[in-house]
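Enquirer: Residue numbers (the working numbering), protein chains in the order written: chain A, 1 to 403; chain B, 404 to 550.
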């Protein structure tokens, strides 16, 4: 069965061996059946491949009935044909499995997100116009997350708050992938919801919207679908895509936030400057396109003004107002040199030939648990998909004593 | 370990190894210590399967590339033996399957308590078989003792 699963994923066995921290020869032995697969690794394999642990040990696919829906779907999407996309999904699914284990050490064995998603989903009338669905869903979701506080922008809180309710947010650069964002569920110690945002040639402001777009898919569309995938420059007119776009917009830039910012900065829409627009972007923590789209949908600007302001180059002004607008190099110039490695290099794990940037929050919890003697360095290395020596080298100084 | 009492399963002199301890011996080219244990004291070094998996994977690491051959040699000449159900009879008598299952269950439990796979199964086997564990990371014991 393992061989069939590997074949179905269209990913090289050698890469999978790397994902599961196994020597390639050993993984080949498991595939060929010349050696049995140890029981302890079955849950990881099952979780990443999207089957039951007992299915892995079966001899065959049973007429294709056991084909895992997620890989079947990914293969059937013509644009997700690149190895980069498929490998990225594999790595992120393994990270989600590890996140579930990590949560179990914190005695969090249920995803609070499920209740939130369920409440929002059941309150929305699917027959209503898409804009109404999105607005109501966003209003409810903001309230559930404690984000209903008037004009305060939520950009800084998205990641930690979503993580707290059990959603894994992974932002990592995948240069040769067309995927901009995707979301799916992974079975670990409990069901984990995962959102991936490709950070290659993307901005933090853009990813705020991508993450919330994927959250909307998680609420409405992942009940019957194993995975939701969105591509760069995608212009689908599909209801679920329009709803997700509007949901992201209404979460990030609802009318109250826009009105508050307009008043705070004394904005006159009819004579908006690039500097004004940069203030709105920095204040709302949303990208230029989204801010203007929100202003247009709330009838604060005309379609002509929208098109005109969309051409404004706000980059230089925005950099003065928001550290999130800086390039990596510019950002690093603002922090002490000894912290540089922590921001990128130390969080970067290499799996096969591919890199994955571990979420800061995830890594911090691992280090906290290790420092408190709640887990061992071997466990910390397993969870972060490094070997113990690499982990020790990178984080020695953050631990109370060298382990 | 002494002679077995009449009617009792014969004891075997084993020591269980965890990944880090074995890789350190391999890296320092000090597997001769295990050879001494075997030849002079009749003590066999046994590793649970997760330790074997970790070792075989670690030696792929550039950091340990020199020890790849040493590990293969140690497996081939029996200096390192993988813990298998069938080999448990001298220790547990006829109930090898049950004993092996108990080790697996305890190992899984230890993993869930925050210990790495290799060390979890090494300590689980140590407890179930009443055998010493060769380890250089006391933290695993601290973590397990906390529960």
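Cβ coordinates follow ideal geometry from the N, Cα and C atoms, glycine included. Quick caveat, the model's predicted, so the values are computed rather than measured.
#1: Drop a sphere of 10 angstroms on the beta-carbon of residue 407 of chain A, count the other beta-carbons inside from all chains shown, and report buried for 16 or more, exposed for fewer.
#2: Name the chain B residues that come within less than 8 Å of residue 338 of chain A, Cβ to Cβ?
#3: Quick test of the definition: if touching needs 3 or more C-beta pairs under 8 Å, does the region 45-57 of chain A touch the region 91-98 of chain A?
#4: Report whether the distance from the Cβ of residue 77 of chain A to the nearest heavy atom of the ligand GTP is below 7 Å.
#5: In this structure, does DSSP put residue 181 of chain A in helix, strand or coil?
#6: By a C-beta neighbour count over all protein chains shown, 10 Å radius and 16 as the cutoff for buried, is residue 217 of chain A buried or exposed?
#7: With C-beta atoms as the reference, is residue 450 of chain B less than 8 Å away from residue 417 of chain B?
#8: From which residue to which residue does the alpha helix (DSSP H) around residue 56 of chain A run?
#9: Check residue 50 of chain A in the structure and name its three-state DSSP category.
#10: Taking 8 Å as the CB-CB limit, is residue 23 of chain A close to chain B?
#11: Using 8 Å as the threshold, is the C-beta distance between residue 261 of chain A and residue 290 of chain A below it?
#12: Using the rule of at least 16 other Cβ atoms within 10 Å of the residue's Cβ for burial, across every protein chain shown, is residue 469 of chain B buried or exposed?
#13: Do residue 118 of chain A and residue 166 of chain A have their beta-carbon atoms positioned less than 8 Å apart in this structure?
#14: Compute the Euclidean distance between the alpha carbons of residue 124 of chain A and residue 182 of chain A, then round it to the nearest angstrom.
#15: Which partner residues does residue 194 of chain A have in the DSSP bridge list?
#16: Quick one: measure Cβ to Cβ for residue 325 of chain A and residue 332 of chain A, integer angstroms, because I've assumed they're closer than 8 Å.
#17: Please confirm whether residue 374 of chain A and residue 546 of chain B have their CB atoms less than 8 Å apart.
#18: Strictly below 9 Å CB to CB, what residues from chain B border residue 289 of chain A?
#19: Taking the alpha helix (DSSP H) that residue 348 of chain A falls in, what are its first and last residues?
#20: If we define contact as Cβ-Cβ less than 8 Å, is residue 399 of chain A a contact residue for chain B?
#21: Using only alpha-carbon positions, find the residue among A/22, A/369 and A/231 that is nearest to residue 404 of chain A.
#22: Per DSSP, which one or two residues make a beta bridge with residue 428 of chain B?
#23: Residue 312 of chain A and residue 277 of chain A: beta carbons closer than 8 Å?
#24: Can you have a look at residue 497 of chain B and say buried or exposed, based on whether 16 or more other CB atoms are within 10 angstroms of its CB?
#25: Check whether the Cβ atoms of residue 205 of chain A and residue 275 of chain A sit closer than 8 Å, and answer yes or no.
#26: Report the neighbours of residue 453 of chain B on chain A: residues whose CB is nearer than 9 Å to its CB, in chain order.
#27: So with Cβ pairs under 8 Å, would you call residue 369 of chain A a contact of chain B?
#28: Below 8 Å on the Cβ atoms is my guess for residue 522 of chain B versus residue 448 of chain B; work out the distance and round it to an integer in Å.
#29: Along the chain, where does the alpha helix (DSSP H) containing residue 301 of chain A start, and where does it finish?
#30: Which same chain residues, not among the five before or five after residue 393 of chain A, have their C-beta less than 8 Å away from its C-beta?
Expert: So, from the listed chains and residues:
#1: For chain A, the structure presents residues 1 to 403; residue 407 of chain A sits outside this window and is missing.
#2: As a position in the first chain, residue 338 of chain A is number 338, starting the count at 1. Within chain B, no residue comes near residue 338 of chain A; the closest Cβ sits about 24 Å away, beyond 8 Å.
#3: yes
#4: Summarising the ligand content, the structure contains no ligands, and the ligand GTP is consequently not present.
#5: Here residue 181 of chain A refers to the residue found at position 181 when the first chain is read from its first residue. If DSSP states are grouped into helix, strand and coil, residue 181 of chain A belongs with the strands.
#6: To locate residue 217 of chain A, count along the first chain from 1; it is residue 217. Residue 217 of chain A should be labelled buried.
#7: Here residue 450 of chain B corresponds to residue number 47 of the second chain, with the count starting at 1. Here residue 417 of chain B corresponds to residue number 14 of the second chain, with the count starting at 1. Contact flag unset, no.
#8: Taking the first residue of the first chain as position 1, residue 56 of chain A is located at position 56. Taken as a continuous stretch (DSSP letters only), the alpha helix (DSSP H) holding residue 56 of chain A covers 53-56.
#9: If you number the first chain from 1, residue 50 of chain A lands on position 50. Reduced to three states, the DSSP call for residue 50 of chain A is coil.
#10: Here residue 23 of chain A refers to the residue found at position 23 when the first chain is read from its first residue. It does; some Cβ of chain B falls within 8 Å.
#11: As a working note, residue 261 of chain A is residue 261 in the first chain. As a working note, residue 290 of chain A is residue 290 in the first chain. Cβ distance not < 8 Å, so residue 261 of chain A and residue 290 of chain A don't count as in contact.
#12: Within the second chain, the letter at position 66 stands for residue 469 of chain B. It is exposed - the Cβ of residue 469 of chain B has fewer than 16 other Cβ atoms within 10 Å.
#13: Translated into the one-based positions of the first chain, residue 166 of chain A becomes position 166. Translated into the one-based positions of the first chain, residue 118 of chain A becomes position 118. No, they are not a contact pair.
#14: For the purposes of this step, residue 124 of chain A is taken as the residue at position 124 of the first chain. For the purposes of this step, residue 182 of chain A is taken as the residue at position 182 of the first chain. Rounded to the nearest angstrom, the two C-alpha atoms are 23 Å apart.
#15: Mapped onto the first chain, residue 194 of chain A falls at position 194. Note: residue 194 of chain A sits in a beta bridge opposite A/168 and A/184.
#16: In the first chain, residue 325 of chain A corresponds to position 325, counting from 1. In the first chain, residue 332 of chain A corresponds to position 332, counting from 1. Not really, about 14 Å apart at Cβ, beyond 8 Å.
#17: One-based indexing of the first chain puts residue 374 of chain A at position 374. One-based indexing of the second chain puts residue 546 of chain B at position 143. Yes, the pair counts as a contact, with Cβ atoms nearer than the cut-off.
#18: As a working note, residue 289 of chain A is residue 289 in the first chain. In chain order: nothing, as chain B lies at least about 44 Å away.
#19: One-based indexing of the first chain puts residue 348 of chain A at position 348. Residue 348 of chain A -> not in any alpha helix (DSSP H); beta strand (DSSP E) instead, spanning 348-351.
#20: Your numbering for residue 399 of chain A matches position 399 in the first chain. Closer than 8 Å: no.
#21: Chain A is shown from 1 up to 403; residue 404 of chain A falls before or after that span and cannot be answered.
#22: By one-based count along the second chain, residue 428 of chain B stands at place 25. In the DSSP output, where bridge partners are listed per residue, residue 428 of chain B has none listed.
#23: As a working note, residue 312 of chain A is residue 312 in the first chain. As a working note, residue 277 of chain A is residue 277 in the first chain. Cβ distance < 8 Å, so residue 312 of chain A and residue 277 of chain A count as in contact.
#24: Walking along the second chain from the start, residue 497 of chain B turns up at place 94. Result: exposed.
#25: Sequence index remark: in the first chain, residue 205 of chain A carries index 205 (1-based). Sequence index remark: in the first chain, residue 275 of chain A carries index 275 (1-based). Their beta carbons are not under 8 Å apart, which means residue 205 of chain A does not touch residue 275 of chain A by this criterion.
#26: Taking the first residue of the second chain as 1, we reach residue 453 of chain B at position 50. The answer, in chain order, is 38, 40 and 41.
#27: Along the first chain, read from residue 1 onward, the residue named residue 369 of chain A stands at position 369. Chain B, which has a Cβ nearer than 8 Å to the Cβ of residue 369 of chain A, makes this yes.
#28: Here residue 522 of chain B refers to the residue found at position 119 of the second chain. Here residue 448 of chain B refers to the residue found at position 45 of the second chain. Not quite, the Cβ-Cβ distance comes to about 15 Å (not below 8 Å), so this is no contact.
#29: Within the first chain, residue 301 of chain A is the residue found at index 301, counting from 1. Here residue 301 of chain A belongs to no alpha helix (DSSP H), and DSSP marks it neither H nor E.
#30: Here residue 393 of chain A is taken as the residue at index 393 of the first chain, counted from 1. Taken in chain order, the list of residues that qualify is empty.
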